[in-house]
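Numbering (the working numbering), first residue to last: 18 to 269. Think of the CB as a built atom: it goes at the ideal place given N, C-alpha and C, for glycine as much as any other residue. Model, not experiment: these values are computed from the prediction.
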């Protein structure tokens with residue numbers, strides 16, 4: 018899943034970025050509030066981590082303007098402010114959670130996963146599509162109780178398909194979530210990943226048409242109960258490549 022980190026403390030941003038990447042997230046970073054607003058309008062993020070004290074903008078105003086523009090991407094505020102008034106104000110402008118710095122790394126990841134599940138319409142970490150089960154917390158995948166061993170990229174593709182079941186996802190969307198717009202390989206690599214993923218799921222007893230090819234558009238996960246001729250839902254906002262100005266932090 019793809020996360021936007023809005024943090025102007027370089028050391029803190031590197032540390033958070035490293036933790037999230039280890040947990041399987043793709044992380045984009047900016048230290049400017051106005052750039053964050055532009056990126057959220059143009060690109061598809063699953064969640065935003067936002068510091069309140071930015072050099073160019075007030076974090077509260079960033080959230081308020083997001084919600085005024087009807088951008089529903091979940092926002093977790095990260096701040097050293099611990100007064101109840103600060104938290105109340107953050108929730109009032111549209112934040113989904115407030116975590117006080119310094120924070121425990123495992124707690125941050127757990128709260129992110131909980132909000133992501135709820136934002137996708139799930140109340141528990143184990144997601145089920147027919148005989149397929151995927152656990153967002155442990156990243157375990159099974160079919161009819163049989164464990165399926167996936168590479169990191171294969172899991173990321175399956176996770177995205179499950180979370181957006183019934184929606185057509187373009188190859189650009191997969192590349193963006195897998196690589197965050199940087200050092201992207203050729204688009205045909207997605208076909209290779211999907212082919213290997215299908216084989217592993219089928220060997221474990223999964224339905225042959227679980228991952229469907231929508232010719233000229235991309236791939237979608239089709240619930241075993243969905244009719245084969247049902248019209249797939251199309252995502253409303255395109256997933257584009259990462260902007261050239263985006264900052265990407267290497268692990269400290």
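Between residue 169 and residue 41, the CB-CB gap stays under 9 Å. Residue 115 is bridged by DSSP to 94.
With a contact defined as Cβ atoms closer than 8 Å, residue 76 and residue 69 qualify at about 3 Å. Between residue 72 and residue 54 the beta-carbon gap is near 14 Å, outside 8 Å, which marks them as no contact. Linking residue 215 to residue 137 through their CA atoms gives a straight-line distance of about 23 Å. When C-beta atoms of the region 171-183 are compared with those of the region 146-162, three or more pairs fall below 8 Å, so the two segments count as touching. Secondary structure of residue 148 (DSSP, three-state): coil. Take residue 51, set aside five residues on each side of it, and the residues of its chain with a beta-carbon closer than 7 Å to its own are 73 and 74, in chain order. Note that the region 160-178 touches the region 212-231; at least 3 beta-carbon pairs, one per stretch, sit closer than 8 Å. From the listed residues 122, 124, 81 and 226, the smallest Cα separation to residue 108 is found for 81. Runs of the alpha helix (DSSP H) lying entirely within the region 29-66, each at least 4 residues long, are 50-59 in chain order. Scanning its chain for C-beta atoms nearer than 8 Å, with the 5 sequence neighbours on each side dropped, one finds around residue 132 the residues 64, 91, 93, 113 and 114, in chain order. Using a Cβ distance threshold of 9 Å, residue 236 and residue 195 do not count as a contacting pair.
Take residue 84, set aside five residues on each side of it, and the residues of its chain with a beta-carbon closer than 8 Å to its own are 110 and 111, in chain order.
Measuring C-alpha to C-alpha distances from residue 20 to each of 151, 62, 127 and 33 identifies 62 as the nearest.
Remark: C-beta atoms of residue 57 and residue 22 do not approach each other more closely than 9 Å.
DSSP places residue 126 in the helix class (H, G or I) of the three-state scheme. At a Cβ-Cβ threshold of 9 Å, residue 153 and residue 134 count as neighbours. Ranked by how close their Cα comes to the Cα of residue 59, the residues 25, 193 and 116 have 193 in first place.
With respect to the C-alpha of residue 35, the residue from 89, 86, 122 and 156 having the closest C-alpha is 122.
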